[in-house]
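Trainee:
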Amino acid sequence: MPPALNIIALATFSAALSARALDPVLPHVAEDFSVSIATAASFAAAFAFTFAIIQPVLGAFADVFGKARLMIVALTLLGFANILGAMATSFPLLFASRILAGIGSGGVFPIALGLTSDLVGAEKRQVAIGRTLAGAMTGNLLGATVSGLIGDFLGWRGVLAVLGAIVVVASIVVAIGFRGAALTHPPRTSLSALKQGYRTIFTNPNARICYSAVFIEGCCVLGLFPFIASFLFDLGQTSLSIAGVVIAGFAVGGLFYTMTVSRLLPKIGVNGMIIGGAALVGLQLMAVALGLEWRLQLLNLIFMGWGFYMIHGSLQVFASELSADARATALSLHAFFFFMGQTVGPIAYGFGIQHAGKVPTLLIAGAMMIALGFVCAKLLRQTRPADAPST
0 MPPALNIIAL ATFSAALSAR ALDPVLPHVA EDFSVSIATA ASFAAAFAFT FAIIQPVLGA
60 FADVFGKARL MIVALTLLGF ANILGAMATS FPLLFASRIL AGIGSGGVFP IALGLTSDLV
120 GAEKRQVAIG RTLAGAMTGN LLGATVSGLI GDFLGWRGVL AVLGAIVVVA SIVVAIGFRG
180 AALTHPPRTS LSALKQGYRT IFTNPNARIC YSAVFIEGCC VLGLFPFIAS FLFDLGQTSL
240 SIAGVVIAGF AVGGLFYTMT VSRLLPKIGV NGMIIGGAAL VGLQLMAVAL GLEWRLQLLN
300 LIFMGWGFYM IHGSLQVFAS ELSADARATA LSLHAFFFFM GQTVGPIAYG FGIQHAGKVP
360 TLLIAGAMMI ALGFVCAKLL RQTRPADAPS T
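Shown next, in the form of C-alpha cells:
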C-alpha cells in the first residue's frame, strides 16, 4: 500500500475526533442554554446538513484544484470552528460554529476517500479504504470517549477547545506530510470535464442505488446517536463518560471491520458483506430498543459499528467506480446523500420517539436496515466506469 495512505489516515483521524464530540455532553449543553435535548440534538442535524450541502462544490473543487490542498484547508477550518464553539456565549453562536465545523469536516472525509481511490487499484480498493477508515474510526473512538471524560472535568467548552487545538496542530502535520507532488501538481480538470463527469455518474445505474442506500444508512444509524445519552439518562446512568464510552463502541466495531475486511471479503464476497452487515445493524437497532444496561448497549454499538462498515464500505467501493475522471465528485455526492440522511435522521427519530415511542421507532429502523441489505445485494452490479481508460 502507498505510504501516503498513512497521511490520509491521519487527516481522517483528526477530523473524526470532533465529529461526535458533542454527543456525550448534549445534556449539559441543553442545560446551560436552557433548551430541550431535541433542540440540542439539532447540532447533529446542522453539522450533517452543512457537511452534505457543501459536497457537490467541494468535490468539484477537489477535482480542479487538487484533493490534498483542499483537504488541508478544510482541516484547518474544522479546528478553528471547534475553538470558536468553545467561546460561544449563546445557543445560536454555538449552532453557527457547528455549521462551520460541518463545512470543514465535509472537506476531509470524502476527499480523503477520493485520494485513496486514486492511489490504489479497484481490486485492492476496499482494503485500502478500510485503512483510511481505520483513522476515522480511531478518531471517532477517542473523540467520543475523550469528550465524555473531558466533559466530566472541564465541561462541553473544554471538549471543543481541546479537540479544536488538536485538529489545528494535526492540519500542520498533514500539510508537512503532503509536501511534494500531491500539493504542487494538482490535476488539471476542466469545468467541461466536470460536467461530463456528472453525466457519467448519473447515467450509471448503480448511482441511484448507492446514493439512496447511504441516505437510508445515515438516517437509520447515525441519526440515532444524539439520543443515546438521553436513553442512558432515562435508565439512571447520568455519567457523561459512560455515554461517551457507549457511543465509542460504534467506532470500536468500525476498527474491527478494518482488521477483518481483508479476510472476510474473499470468504463471503461483496454481497455477503452487504447482506450480513445490514442484518447485523438491524438486529442491534432492535436490541437498543430493549433499554438494556449500558454494558450491553456498548456491545450493541460495537456489533452495530462492525455491521455498518461492512455494508457502508462496500457501497463506498461501488461509488468510487461510478466515474474514473470525476471520482472525487462521485464520492462527494456519496457523502452528500449520507449526511443528508444524518440530517433527516435525528428529526425522524425525534418525531417517532415523541409520537410512537422509542421501541416502535427503533424496530422500524432495524427492519429498514435489514431490507436495505437484500435490496442492495440484488440490484448493485460491479461494472467499469464509462470513462475508465481502456486497457
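The numbering of the sequence shown is numbering that gives the first Met the number 0, which starts it at 0 and goes up by one. For glycine and all other residues, C-beta sits at the position ideal for the given N, C-alpha and C.
Counting pairs of Cβ atoms below 8 Å between the stretch 48–68 and the stretch 326–342, do you hit three or more?
Mentor: Output reads yes: the stretch 326–342 touches the stretch 48–68.
Trainee: Could you tell me which of D31, P91, P55 sits nearest to S41, measuring between CA atoms?
Mentor: Residue P91 is the option with its Cα nearest to S41.
Trainee: Would you kindly check if the distance between the Cβ of T144 and the Cβ of A44 is under 8 Å?
Mentor: No.
Trainee: Check whether the stretch 272–290 and the stretch 150–162 are in contact - that is, three or more C-beta pairs closer than 8 Å.
Mentor: In short, these stretches do not touch, since the Cβ pair count stays below three.
Trainee: My guess is that R156 and A85 are in contact by the Cβ rule of under 8 Å, so how many angstroms apart are they, rounded?
Mentor: Confirmed, Cβ separation roughly 5 Å.
Trainee: I'd like the list of long-range same chain contacts for H27, defined as Cβ closer than 8 Å, with 5 residues on each side in sequence excluded.
Mentor: If we look at H27 and ignore the five residues flanking it on each side, its Cβ neighbours are G150, G154, W155, L239.
Trainee: Decide if the stretch 97–110 is in contact with the stretch 332–342; the criterion is three or more beta carbon pairs, one per stretch, under 8 Å apart.
Mentor: Yes, the stretch 97–110 touches the stretch 332–342.
Trainee: To the nearest angstrom, report how far apart I82 and A127 are at their CA atoms.
Mentor: The straight-line gap from Cα to Cα measures roughly 32 Å.
Trainee: Under 8 Å between the Cβ atoms of G101 and F12?
Mentor: For G101 and F12, no; Cβs fall outside 8 Å.
Trainee: Pull up the distance between the alpha-carbon of L140 and that of L4, whole angstroms please.
Mentor: Their Cα atoms are separated by approximately 20 Å.
Trainee: When the Cβ atoms of the stretch 255–262 are set against those of the stretch 303–311, are three or more pairs found closer than 8 Å?
Mentor: At 8 Å Cβ cutoff, the stretches touch.
Trainee: Can you give the Cα-Cα distance for L9 and A47, rounded to whole angstroms?
Mentor: Each residue's alpha carbon lies about 21 Å from the other.
Trainee: Look at the alpha carbon of L118 and the alpha carbon of V343, and state the distance between them as a whole number of angstroms.
Mentor: So the two alpha carbons sit approximately 33 Å from each other.
Trainee: If you count every other CB in all the chains shown that lies within 10 Å of the CB of T199, and 16 or more means buried, which is it?
Mentor: Label assigned to T199: buried.
Trainee: Could you give the C-beta distance for L25 and P225, rounded to a whole number, given that I count them as a contact under 8 Å?
Mentor: L25 to P225, Cβ: 6 Å. Contact.
Trainee: Tell whether a beta-carbon distance below 8 Å holds between A39 and G142.
Mentor: No, these two residues do not count as a Cβ contact at 8 Å.
Trainee: If you scan the stretch 78–118 from start to end, which runs of the alpha helix (DSSP H) of 4 or more residues do you find wholly inside it?
Mentor: Whole alpha helix (DSSP H) segments, 4+ residues: 90–105, 108–118.
Trainee: If we ignore side chains and look at the alpha-carbon of each, how far apart do N270 and P345 end up?
Mentor: Approximately 29 Å between the Cα atoms of the pair.
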